[in-house]
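Below is one structure, written out as structure tokens; comments come after it.
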Amino acid sequence: MDHAQHASLEVAPFKAATAARFRRPTKVFEDAVAGGGLGLRMLSMPNVCCVEGGLPLLRNGEVIGAIGVSGMNAAQDGIIAAAGVAAL
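Its first residue numbered 398, the sequence shown is counted upward by one per residue in this note's numbering.
Here's what the structure looks like:
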């Protein structure tokens, strides 16, 4: 996206890697942290992106990859990632 932050080049793959390793959307981690309390434990986990925009790609229950999107706000990144999954 024009004028996106340069850090998005690193954030998008980080989101994808988190989604693939944990077999769940990064929004799950974002929601846990936003909920506070025990959800804040997520912040102590190494190599976990707690921001929406990462989705695992599943086929027959197996992770075959992931999509990570960064460059807009997190909710918009999640919408674009979902569109990418739907297109596949």
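We put the beta carbon where it would ideally sit given N, CA and C, even for glycine.
Nearest neighbour of V414, chosen from D428, L454 and G436 [CA to CA]: The question names Val, yet the displayed sequence has Ala at residue 414. Of D428, L454 and G436, the residue nearest in Cα terms is L454.
message: I want to know whether the segment 453-468 touches the segment 400-411 - three or more CB-CB distances under 8 Å.
response: Between the segment 453-468 and the segment 400-411 there are three or more inter-stretch CB-CB distances shorter than 8 Å, so the stretches are counted as touching.
- prompt: Using the C-alpha atoms, what's the distance from R420 back to V482?
  reply: For V482 and R420, the distance between alpha carbons rounds to 14 Å.
- prompt: When you compare each of I477, D474 and E449 to E427 by their alpha carbons, which one comes out closest?
  reply: Checking every option, the nearest Cα to that of E427 belongs to E449.
query: Does the Cβ of L437 have 16 or more other Cβ atoms within 10 Å, making it buried, or fewer, making it exposed?
result: Exposed, because fewer than 16 other Cβ atoms sit within 10 Å of the Cβ of L437.
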